[in-house]
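Reading through the structure tokens given below for one structure.
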Amino acid sequence: MGTVKKELPLARSMCWHCQSDIGGEYFCNQCVKVQPLSKDMDYFTCFGLPRKLNVDTAQLQTKCYELSRVFHPDFFEGKSEMERAVSLANSATLNQAYRTLKDPIQRVEYLLRLEAGAAKDIPGKAPADLFEAILEMQEHLEAFHAAKAENDAETLARAGELLRSAMKTLEAKRAAL
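Taking my numbering, I'd label the letters of the sequence shown as residues 1016 to 1192.
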């Protein structure tokens, strides 16, 4: 397998094998070893998508397949144990990221967790109506999960509609920041 030169946001800065500067690439330019994805990278960044509630699922799928071909463990047979481990870990991260972002409910929950963490880092205060929108979104998520658990189709449909409406409101408030 030849070297693939792709920019990898938030990747480690030094190669795990030869300690060369890797400059955010999937493979080290010096020793050509696969590099691990950063533990700090969010799923949106992983696929080069903007951090928002509505994502282009076709773009998500295309990017996932592209990265899967880069990191798939089958391509690392015969390589060192560390390279196989890095490949397996990268593939697992990509698969989890894809499953999370592909599902609208999981995506909302994930984005809420990300934004809650990011809100702690914002100097000053975020607008009160943003927090109200986040709380409303969480309430709708809880109602959606409860209706899903009870197999109540009517309540599930109503909760889903409220959730979609709250998603639009939250996205608009977030974009206004």
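By construction, the Cβ of each residue, glycine as well, lies at the ideal position given by its N, Cα and C atoms. Please read all numbers here as calculations on a predicted model, not as lab measurements.
Residue range of the unbroken alpha helix (DSSP H) whose run includes residue i
{"i": "E1092", "result": "Premise fails: E1092 is in no alpha helix (DSSP H) and is neither H nor E."}
{"i": "R1084", "result": "1072-1086"}
{"i": "F1042", "result": "First-last for F1042: undefined, no H or E at that position."}
{"i": "C1061", "result": "1058-1061"}
Spatially closest choice to residue i from the options, by CA coordinates
{"i": "N1044", "options": "W1031, M1056, D1055", "result": "W1031"}
{"i": "V1049", "options": "Q1153, L1150, T1115, S1106", "result": "S1106"}
{"i": "E1147", "options": "E1186, F1159, N1166", "result": "E1186"}
{"i": "L1156", "options": "C1033, L1127, R1114", "result": "L1127"}
{"i": "V1047", "options": "F1091, V1070, R1173", "result": "F1091"}
{"i": "A1100", "options": "T1115, F1086, A1112, A1168", "result": "F1086"}
Residue i, buried or exposed, once every other Cβ within 10 Å from all chains shown has been counted against 16
{"i": "D1057", "result": "buried"}
{"i": "E1176", "result": "exposed"}
{"i": "Y1080", "result": "exposed"}
{"i": "T1195", "result": "Not covered by the structure: residue 1195. The range shown for the chain is 1016 to 1192."}
{"i": "E1098", "result": "buried"}
Presumed contact (8 Å Cβ cut-off) between residue i and residue j, rounded CB distance
{"i": "L1075", "j": "F1062", "result": "6 Å"}
{"i": "L1129", "j": "R1066", "result": "7 Å"}
Any non-hydrogen atom of the ligand MG within 7 Å of residue i CB
{"i": "T1072", "result": "Ligands are entirely absent from the displayed structure, and the ligand MG is therefore not among its contents."}
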